[in-house]
Amino acid sequence: MFQLTNVSGDITVTGTSGRFVRISGVKRVQVANAAGAAALLEFTVIEVETRSDSVGIRTRQPSVEEMQRAGNLERIPVSVTYSVEVPRDVRVNLRTTSGSIRVSGIEQDVNLETASGSITTDSIGGSVSAGSVRGDITISGTGRGVDSNTVSGDIVLTGVDDRIRATCVSGDITIRGGNLTEVWANNTGGNVYCEGAVGSGARYQLTSHSGDIEFVAGEGGGFRVSLSTVSGSISAPLELTLTGTRTSRRSLTGVYRQPEASVKLTTFSGNITLLTVPVPDRNE
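Basically the working numbering = 1-based index in the sequence shown + 11.
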């Protein structure tokens, strides 16, 4: 396993075919006093811990005493930007308080956290767990599912296999492609868009409090449908067989072809659109 904990600064990790870990760390500080800047950089230490099955990196920021020795510069942040190469078959665990995270080419699970910054992954063979307080999350090509959440930012998931769990407070959620068995997406203040093949037994549950929901079903089997909005409209221009009694234009239950999967779309203040590929001509 490779683990890196940072305080301020971006982290980039790339999987390679080698068996070594290569680490580049660049320390930066903005201080008018050259002597104080040099002291702060010296007191900011990149600590490395190695074991037989893991490598750990931690940024140790200057202590209060050290900052005072540097000229009473308590409020001056020191950032460390990391660029790391690791064997592609190791698990990766990254955390930074202020900075963006980018990971690519890892065959195992990755766990990524930042309080302020974006998260981007590409070509991950295992699962991805990604959390940001203020930042976008963009994940492409993942083999064993995604668990993603952000308070302020967009979530874009492309080519994810297995399962998806996405939570967003202020931003949009977009899901495209992948061989999915389960999708759970919850958005408080934005839209949810999901597009892809609906496999046998797959379950989709998309929810938004004050945004629109659009689901575009690609090639695949049929599914059970449950659509509900409190103050919006429902558009479902496909051949549905309604089940039960439809008592309102703002709710609908039915089946599309043979119901081998389930799709549940719910919004409080927004519109719902359910389409299939190819998308019907809206002018017909």
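Positions of the beta carbon are idealized from the N, C-alpha and C atoms, including for glycine.
DSSP places L238 in the strand class (E or B) of the three-state scheme. Within the same chain, Cβ atoms closer than 6 Å to the Cβ of I150 are found at T132, V139, V157, L168, the five residues on either side in sequence being excluded.
Per DSSP, F54 is not a residue of any beta strand (DSSP E); the alpha helix (DSSP H) it occupies stretches across 45 to 54. Rounded to the nearest whole angstrom, the CA to CA distance from D172 to G207 is 11 Å. Beyond the five residues adjoining it in sequence on each side, G36 comes within less than 6 Å, by CB distance, of I57, V91, Y93 in the same chain, given in chain order.
When C-beta atoms of the region 205 to 223 are compared with those of the region 270 to 284, three or more pairs fall below 8 Å, so the two segments count as touching.
For Q216, the enclosing beta strand (DSSP E) starts and ends at 214 to 219. In this structure, F226 sits away from A272, with a CB-CB distance that is not shorter than 8 Å. Across the set T284, L238, G110, G136, the C-alpha of L238 shows the shortest separation from the C-alpha of L263. A45 sits exposed, since fewer than 16 C-beta atoms from the chains shown fall within 10 Å of its C-beta. The residues E96, in chain order, have a CB closer than 6 Å to that of R33 in the same chain once the five nearest residues on each side in sequence are set aside. In this chain, R62 is not harboured by any beta strand (DSSP E), its DSSP state being neither H nor E. Distances from the CA of Q14 to each of I112, V66, Q41 were compared; the closest alpha carbon is that of V66.
Of the other Cβ atoms in all chains shown, 16 or more fall within 10 Å of the Cβ of D223; this residue is therefore buried. Put simply, the backbone Cα of R145 is about 40 Å away from that of L251.
With 16 or more neighbouring CB atoms inside 10 Å of its own CB, T287 falls in the buried class.
In its chain, beyond the 5 residues on either side, G110, S111, G146 have a beta carbon closer than 6 Å to the beta carbon of G128.
Around the Cβ of V194, a 10 Å sphere holds 16 or more other Cβ atoms; the residue is buried.
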